[in-house]
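Under the working numbering, the first residue of the sequence shown carries the number 8, and numbering increases by one thereafter.
By construction, the Cβ of each residue, glycine as well, lies at the ideal position given by its N, Cα and C atoms.
Following: one structure in structure tokens, then a few remarks.
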Amino acid sequence: MQKIFLPFLLSFFVFAVVVNAQHSRTNQDNFKNTPIVHHIPSESVLFMDDMNGDNTLTGIQSRGWFFDDVDGAGLTTVFQGNSTVFPAYEGPVTGYIGQNFNGAFNGGLLIDQWLISPSINVSAGDTLKFWHRAPDGSTWADHLQVWISSTAGTTHSAFDNQIATFDASTSGWAQYTGVIPVGGNIRFAVRYYCTNGGPGGTESDYVGLDLFEVVGTPASTPDLFISEYLEGSSNNKAIEIFNPTSSSVDLSNYRVVRSNNGADSIQYIQPLTGSLAANQVFVLANPQADPTILAVADIDTGSITFYNGDDYMALEKNIAGVWTPIDVIGILGEDPGTSWAVAGITPGTAEKTLVRKDVILFGTTDWAASAGTDSVSSQWLVYPQNTFTFIGNHTVIPVELTSFTASVSGTSINLVWSTASELNNLGFEIERKSENSDWQVISFVAGFGTSTKTNNYYFSDNNLSIGKYSYRLKQVDFEGTFEYSNVVEAEVISVDKFELSQNYPNPFNPSTSIKFSLPAASNVKLSVFNLLGQEVKTLVNGFKTAGSHTITFDASELSSGIYIYKIEANNFTQSRKMTLIK
8 MQKIFLPFLL
18 SFFVFAVVVN
28 AQHSRTNQDN
38 FKNTPIVHHI
48 PSESVLFMDD
58 MNGDNTLTGI
68 QSRGWFFDDV
78 DGAGLTTVFQ
88 GNSTVFPAYE
98 GPVTGYIGQN
108 FNGAFNGGLL
118 IDQWLISPSI
128 NVSAGDTLKF
138 WHRAPDGSTW
148 ADHLQVWISS
158 TAGTTHSAFD
168 NQIATFDAST
178 SGWAQYTGVI
188 PVGGNIRFAV
198 RYYCTNGGPG
208 GTESDYVGLD
218 LFEVVGTPAS
228 TPDLFISEYL
238 EGSSNNKAIE
248 IFNPTSSSVD
258 LSNYRVVRSN
268 NGADSIQYIQ
278 PLTGSLAANQ
288 VFVLANPQAD
298 PTILAVADID
308 TGSITFYNGD
318 DYMALEKNIA
328 GVWTPIDVIG
338 ILGEDPGTSW
348 AVAGITPGTA
358 EKTLVRKDVI
368 LFGTTDWAAS
378 AGTDSVSSQW
388 LVYPQNTFTF
398 IGNHTVIPVE
408 LTSFTASVSG
418 TSINLVWSTA
428 SELNNLGFEI
438 ERKSENSDWQ
448 VISFVAGFGT
458 STKTNNYYFS
468 DNNLSIGKYS
478 YRLKQVDFEG
488 TFEYSNVVEA
498 EVISVDKFEL
508 SQNYPNPFNP
518 STSIKFSLPA
528 ASNVKLSVFN
538 LLGQEVKTLV
548 NGFKTAGSHT
558 ITFDASELSS
568 GIYIYKIEAN
578 NFTQSRKMTL
588 IK
């Protein structure tokens with residue numbers, strides 16, 4: 008009887024230690040929990056993780072996060088937020104990531120843990136935001152630093168820009184906001200760094216992090232632009248102007264100007280009058296043009312439309328009393344000879360019809376960028392002389408969706424989509440349909456308004472039951488107009504046995520994915536050993552839900568060779584080999 012009871016007592020003790028390790032040092036009855044709030048993003052979000060899913064080490068790794076435990080790994084790494092300490096800033100009460108004083112290596116004083124984000128494409132000047140806090144009134148300071156890796160590295164040594172140092176808030180949730188100083192593919196890291204921490208130190212208690220966002224710099228405001236340029240035979244000449252905004256525009260603040268043969272000053276001016284409704288065009292045509300052109304003309308003018316292909320044309324706007332070009336054809340003061348080249352075609356502005364591509368949302372005063380050097384880089388489609396098909400009507404693609412995918416991670420389905428451009432995009436309603444239900448809205452993700460750069464979006468649908476699910480996006484603009492995306496599908500499958508899969512890729516350098524399956528919720532330990540049997544990395548050490556799980560193993564700090572990875576879950580144990588080649 009004693010032999011049976013002792014292992015039970017020991018297993019209970021170990022479980023209790025693991026659970027209790029994820030707590031604070033502050034008396035939790037001495038503060039008032041912050042109420043849960045609901046967050047609706049309202050800015051141009053380049054990246055967002057609301058931390059409302061699985062925030063164990065395995066969970067965040069499945070979403071592209073990395074964790075570098077520089078101090079050598081203590082009793083805790085990162086863990087699901089403990090709502091008995093305090094609830095999340097938004098979403099489920101445990102929907103934040105936690106770290107605490109037990110992260111010190113071997114019960115010592117040093118805590119040096121790096122939470123490293125997925126790779127994000129940013130521009131210098133974009134903004135990083137996240138929420139942080141410690142227990143109210145805590146006297147053990149939780150020191151945080153924010154770093155940027157300009158090379159998108161996945162270990163602490165790759166981070167070359169420190170942008171902030173501060174202590175986690177001890178009076179409820181507080182938001183950190185900082186400017187990212189570099190552009191390109193980057194990663195940010197939140198470093199939990201205490202030199203006198205751990206159970207015996209005077210620093211480090213319990214810190215929570217929630218709702219990470221990287222917000223783009225404000226997009227340009229849409230304005231009128233030249234949507235078609237027609238240089239036909241004889242007097243078949245016309246200029247079309249398009250209004251891409253969501254409201255009517257007063258044309259008295261605009262004019263079209265022309266300069267001939269390389270002159271460095273404006274020679275002809277055509278004021279505009281009236282108003283131009285949203286998504287409509289205004290056509291200036293030569294009074295002797297073909298009847299097809301005149302039928303859609305708003306002004307018959309010979310001065311502006313008496314050109315032959317080597318002229319400078321501009322749409323100007325009165326800005327604070329100064330007439331300022333906002334869109335051009337050609338370069339003022341330069342004579343191209345017979346015409347300007349467009350999309351690599353010469354002649355381009357002579358004896359051709361130019362139509363602005365439907366993905367272009369703004370005018371530009373950079374003629375070289377507008378004309379481009381080939382059909383891909385040019386903003387224009389080049390048609391033969393006397394093509395009148397498009398004059399009097401122009402359309403743009405409100406939101407150009409370039410990809411939309413769904414992937415499964417355990418009992419979660421991750422949706423990822425990208426846009427190449429956006430016009431007046433309020434955002435996306437995410438709709439889900441299961442085998443036993445019709446379409447229903449499950450969330451909303453804010454759009455970028457108007458943008459001409461690639462934007463990436465992410466949403467995780469968590470804690471799903473076994474079954475097949477369909478998803479679609481309902482893109483909504485600021486006027487309420489909407490359009491549905493294509494439908495993507497994913498299936499959460501049942502798992503009938505414990506299994507550790509072969510890593511992929513294998514051999515690898517420097518990272519690889521390891522998948523394991525659990526038929527029931529279990530305490531799981533997944534470790535990596537060298538051939539001497541020494542444990543070199545603990546990848547998972549905690550409670551995991553039933554289903555399939557995938558984690559990323561980053562071996563950038565290990566040398567080439569053969570390694571063994573081993574899983575222990577309930578009474579199940581399995582090992583496999585993998586090869587690191589550098």
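With respect to V494, S477 sits close: the two C-beta atoms are nearer than 8 Å. Taking the CA atoms as reference points, S241 sits about 10 Å from F313. Rounded to the nearest whole angstrom, the C-alpha separation of Q152 and A350 is 48 Å.
F173 is the residue among G191, F173, D484, T177 whose C-alpha sits nearest the C-alpha of G185. Judged by DSSP in its simplified three-state form, G66 adopts helix.
DSSP, reduced to helix, strand and coil, places W147 outside both helices and strands of the structure shown, so it counts as coil. E429 has V406, S458 as its beta-bridge partners, per DSSP.
Secondary structure of W446 (DSSP, three-state): coil. Taken through DSSP and simplified to helix, strand or coil, L565 comes out as coil.
In the three-state DSSP reduction, F108 falls in the helix class (H, G or I). For the pair T308 and L322, the CB atoms are not nearer than the 8 Å cut-off. Under DSSP, L135 takes part in a beta bridge, and its partners are G185, V221. Residue pairing by DSSP puts K244 in a beta bridge opposite E238. Nearest in C-alpha terms to K551, of all of Q87, R70, S441, A327, is Q87. By a beta-carbon distance limit of 8 Å, S253 contacts A285. Their separation comes to about 5 Å. When the beta-carbon positions are compared, D212 and W121 stay at least 8 Å from each other. By the Cβ neighbour-count rule, D297 is buried, with 16 or more other Cβ atoms within 10 Å of its own.
Scanning its chain for C-beta atoms nearer than 7 Å, with the 5 sequence neighbours on each side dropped, one finds around A553 the residues V502, L525, P526, A527, A528, in chain order. Ranked by Cα distance from W330, the first of I352, D365, I276 is I276. According to DSSP, residue pairing for V129 in a beta bridge involves G191.
The DSSP-derived three-state label of P391 is strand.
Looking at the DSSP output, H401 shares a beta bridge with no other residue. Under the DSSP assignment, T299 falls in the alpha helix (DSSP H) whose first and last residues are 298 to 301. Per DSSP, the beta-bridge partners of Y213 are N107. When only Cα atoms are considered, D217 and G71 end up about 16 Å apart. Residue range 118 to 123 is occupied by the beta strand (DSSP E) that includes W121. Residue environment for T396: exposed (fewer than 16 other C-beta atoms within 10 angstroms of its C-beta). Remark: three or more beta-carbon pairs, one from each stretch, lie closer than 8 Å, so the stretch 189 to 202 and the stretch 152 to 171 are flagged as touching. With a contact defined as Cβ atoms closer than 8 Å, T426 and D365 miss out at about 14 Å. Rounded to whole angstroms, F485 and S382 show a C-alpha spacing of 32 Å. A direct Cα-to-Cα measurement between N537 and I571 gives close to 6 Å.
The DSSP-derived three-state label of S259 is helix.
For S472, the secondary structure class from DSSP, reduced to helix, strand or coil, is coil. Taken atom to atom, the span from the alpha-carbon of V389 to that of D257 is near 30 Å. Runs of the beta strand (DSSP E) lying entirely within the stretch 320 to 356, each at least 3 residues long, are 329 to 336 in chain order.
S377 carries a helical assignment under DSSP once its states are collapsed to helix, strand and coil.
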